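So my numbering is basically just the index in the sequence shown, starting at one, shifted up by 208. Structure first, then comments.
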Amino acid sequence: MAGNHGRRLEKVEQGLTPLQAVLLWLDEAHQSPSLMTYVRSLLGKPPSAFPLVFLPRQVEQSVREAMKGRKREEVEHRVFQAKRDVAYLFYLHQTMNVRVAEKEEVLAYRAQRLHENLMELLRQEMVSDQMASIRRRVYDEPYPLEPETAAAVEAAQQHAVETWDSLAEVGVIEDWTADALVEQGAWRLPLGAYSYRSEDPDADESDDAWTPLTRPSRAELRELLGSDAEVEEFLTQREYSYGVAGIRDAEFEALAAKVERAVQDLVASGKVREGSVVTLETVPHLFLREAPLVEGAWLDRTVVELAEWGALLREKGFRVVISFDDHPLAWDRILPAERRHGDLTQVEREQVTALREEARRRVARAPGERRTIEGQEYVSFPAYSSWRGRKAKGNLRAQVRRGIDLASWNTWVAGQEKWGHARLAGVPVTALQCWAERAAVEHCRDEVQAAERLAQREQMLADLDRWILMAFDDGDGGDVADGFWGRVLPLDHLPFREKVLAWRVETLALYGDLYERQASAQAVGERYFGGREMLFPDLAEGLRTLVELVELCATEYNRVCAARLEWRRRTLRGRDHEGRGGAHAPARAGSERIDLERVRQASGPRVAAAAAYVVDQAKAETLRLCDENEAAASIMEKHLA
């Protein structure tokens, strides 16, 4: 008797358990590509073919076979328990599949829209880059000027001066010094290395931060500088600030100071002529605003007229702001005093022509000696600066700066090069150019033709600007706080940057929804089905495809959009646009990137809640099948709150 009882217990253990029965059914059911296909395959078949009929029968038969000879109450209890367990597993499978299937179309539509929107954003950015490239080429187009201004520009180019201040500001002597050190065997650091110095101190070369320059790795920096300590000195801006490996700042500055003193000694000796310029703030022309003083005392009459004209414009209430045209010979914009913010409409030419004529008459009546130099009329700067009647107020003598007469310097350099390289303090020096020397001029016959050609040029630039994402200024001549992608493109109603960030938020939300369904199905499968795939093939494959699509979109967004936004933010040293926490916040302070791993980690509670809901719903369905409606309602009640 004892032997028979043992064999029966072994038979129960080896019998078809509810899980085994369901898994066998899963293998058969998942031969159908979809839940709908499987349901249709049951149409017209007898009830015995339906899983909720044959699965309970299978486990009942297995239990009864295994428990022959046991008490009836015990057998019936085990049969009921097995039938309830198999029904529960079946409902668990069905509930999870239905939950994923009911949102499948919506999720697919959202993913498709997300992909299409990203492609459109990238296309718009590509168009913007192309338009910006065309706009830069406009720089090389001759700028229309009437004869009077064109002659003043030509004279200013001929008498150009590089002031001592500008020599330092533009880094001319630093460039000569660096070139000399490289000539002696030193190495220049790649310009892209400087991108490390403006970043998060925790960032490293694994961060694919976007930069317009070739960026070396930390290992390459170490090889150039010699050690980790020297790399750290460079990154913290304590040493190697001039970008020459192996040459510390003090050594570099000492050599640069020798070169600067040698240049000053050359001017003091008379071998190179000293020059001077005066800054006339009211001149509405960027290049002519820094006016050369020929022989240190003579100021171009046209420049004086422009200074008086600019002062009259301001006196009458007009606003004079910097031009959005990149050409160095561009006129400033003249705007009406009463206007809406951002309105770039300039005043009509006729409104300011009368003031230009008045400026000419005032200068003609001004006291002081006149002189013609190389065909151009000049007025005495001392006399003009002392004239009480001038409209361009202020202490003009305080605006005079001295430096090197470029023509004289270049003559000296050319003379030295006959015997080899021109050198000062052992450092090769080169000829210098006026910053607007290569700026081409379109010589117009009169002011009318110049105004017409200028209007055409401005219209062309305005048409290009409509498709350029960068907002160059705020409409009043000032920089936009964050102009990168700040423009509203034609046919849009939002700034491009807002559209990009809205796309980011939608991506994070969609990925969270997809991951929640995928992870909850996996969690339930591992917990109740031995790790078996719970979803029908089409649902499982469709969900994987959507997840991969969103991951690819996020990767492309990080590579292009986020990297450029972060680079621009670092450039402007602006603040993070969101400043809020949670799963949808940037990965680190100031980051615009999509961190999907962070989303997955933050989705843990959602995944657990979704799995718990499916489990409870399957329990409730099983209880209702067993006519335990109150217990079923009690289980689902907490999900209705």
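Quick reminder that beta carbons are idealized off the backbone N, C-alpha and C, glycines included. All values reported here derive from a predicted model rather than from experimental measurement.
Which residues does DSSP pair with residue 613 in a beta bridge?
For residue 613, which the question treats as bridged, DSSP gives the partners 369.
Are the Cβ atoms of residue 422 and residue 451 separated by less than 7 Å?
Taking 7 Å as the Cβ cut-off, residue 422 and residue 451 do not qualify as a contacting pair.
What does residue 162 pair with, by DSSP beta-bridge criteria?
Past the edges of the chain, shown from 209 to 849, lies residue 162, and the structure says nothing about it.
Residue range of the unbroken alpha helix (DSSP H) whose run includes residue 259:
Residue 259 -> alpha helix (DSSP H) spans 259 to 274.
7 Å CB neighbourhood of residue 500 in its chain, flanking five on each side removed
Cβ neighbours of residue 500 within its own chain (closer than 7 Å, five residues either side excluded): 364, 367, 368, 369, 483, 485.
Since residue 306 contacts residue 263 with CB under 8 Å, what's their CB separation in whole angstroms?
Between residue 306 and residue 263 the beta-carbon gap is near 18 Å, outside 8 Å, which marks them as no contact.
Would you identify the three-state DSSP class for residue 847, choosing helix, strand or coil?
Here DSSP, grouped into helix, strand and coil, assigns residue 847 to helix.
With DSSP collapsed to three states, give me the class of residue 564.
For residue 564, the secondary structure class from DSSP, reduced to helix, strand or coil, is helix.
For residue 584, list the residues DSSP reports as bridge partners.
Per DSSP, 581.
On the three-state DSSP scale, how would you describe residue 500?
Residue 500: strand per DSSP, three-state reduction.
With the cut-off set at 7 Å, would you say residue 270 and residue 224 are in Cβ contact?
For residue 270 and residue 224, yes; Cβs fall inside 7 Å.
Under 8 Å Cβ to Cβ from residue 808, same chain only, skipping five residues before and after it: list those, please.
Once the five neighbours on either side are set aside, the close Cβ partners of residue 808 are 723, 727.
Between which residues of its own chain and residue 661 is the CB-CB distance below 7 Å, once the five residues before and five after are set aside?
Within its own chain, the residues whose Cβ lies closer than 7 Å to the Cβ of residue 661, once the five positions on either side in sequence are excluded, are 352, 650, 652, listed in chain order.
Looking only at its own chain, which residues have a Cβ that is under 7 Å from the Cβ of residue 820, when we skip the five neighbours before and after it?
Same-chain partners within the cutoff: there are none.
DSSP-derived helix/strand/coil call for residue 447:
Of the three classes helix, strand and coil, the one that applies to residue 447 here is coil, per DSSP.
Residue 542 - containing beta strand (DSSP E), residue span:
In this chain, the beta strand (DSSP E) harbouring residue 542 covers 541 to 543.
Counting along the chain, where does the beta strand (DSSP E) carrying residue 527 start and finish?
Where residue 527 is concerned, the enclosing beta strand (DSSP E) stretches over 527 to 529.
Work out the CA separation of residue 371 and residue 356 for me, nearest whole Å.
In this structure, the CA atom of residue 356 is about 26 Å from the CA atom of residue 371.
Cα-Cα separation, residue 786 to residue 710:
Here residue 786 scores only 37 on pLDDT, less than 50, and its place in the model should not be relied on; the value that follows carries that caveat. About 12 Å.
DSSP state of residue 489, grouped into three classes?
Here residue 489 sits in coil by DSSP.
Spatial neighbours of residue 424 in its chain, beta-carbon cut-off 7 Å, leaving aside the 5 residues before and after:
Non-local beta-carbon contacts of residue 424 in its own chain, meaning distances under 7 Å to residues more than five positions away in sequence, involve 398, 400, 401 in chain order.
By the three-class DSSP mapping on this structure, what secondary structure does residue 627 have?
Correct three-state label for residue 627: coil.
Per DSSP, the bridge partner or partners of residue 256:
Here residue 256 is not bridged, per DSSP, to any residue.
Could you check the C-alpha separation between residue 762 and residue 802 for me, to the nearest Å?
Distance between the alpha carbons of residue 762 and residue 802: 6 Å.
Measure from the alpha carbon of residue 405 to the alpha carbon of each residue in 439, 395, 733, 258, then state which is nearest.
Among 439, 395, 733, 258, the Cα nearest to that of residue 405 belongs to 439.
Express the C-alpha separation of residue 354 and residue 657 in angstroms, rounding to a whole number.
Spanning the alpha carbons of residue 657 and residue 354 requires a straight line of approximately 8 Å.
Provide the residue span of the beta strand (DSSP E) that contains residue 506, from first to last.
In the DSSP assignment, residue 506 falls within the unbroken beta strand (DSSP E) covering 506 to 508.
If you reduce the DSSP assignment to three classes, tell me which class residue 850 lands in.
The structure shown does not extend to residue 850, since the chain is modelled only from 209 to 849, so the question has no answer here.
Roughly how many angstroms separate the alpha carbons of residue 600 and residue 360, rounded to a whole number?
When rounded, the distance between both Cα atoms is 19 Å.
Does the Cβ of residue 593 have 16 or more other Cβ atoms within 10 Å, making it buried, or fewer, making it exposed?
Around the beta carbon of residue 593, a 10 Å sphere encloses 16 or more other beta carbons of the protein chains shown; the residue is thus reported as buried.
If we ignore side chains and look at the alpha-carbon of each, how far apart do residue 540 and residue 491 end up?
About 9 Å.
On the three-pair Cβ rule with 8 Å, is the stretch 500 to 511 touching the stretch 567 to 582?
With the cut-off at 8 Å, the stretch 500 to 511 and the stretch 567 to 582 touch.
Could you check what DSSP says for residue 797 in three-state terms: helix, strand or coil?
The pLDDT assigned to residue 797 is 36, lower than 50, so where the model puts this residue is not dependable; a value taken from the coordinates is nonetheless given after this. Coil.
Should residue 444 go down as buried or exposed, given a rule of 16 or more other Cβ atoms within 10 Å for buried?
Classification for residue 444: exposed.
Run through DSSP, which three-state label would residue 480 get?
Here residue 480 sits in coil by DSSP.
Evaluate residue 848 with the Cβ neighbour count: other Cβ atoms within 10 Å of its Cβ, from every protein chain shown; 16 or more gives buried, anything less gives exposed.
Exposed.
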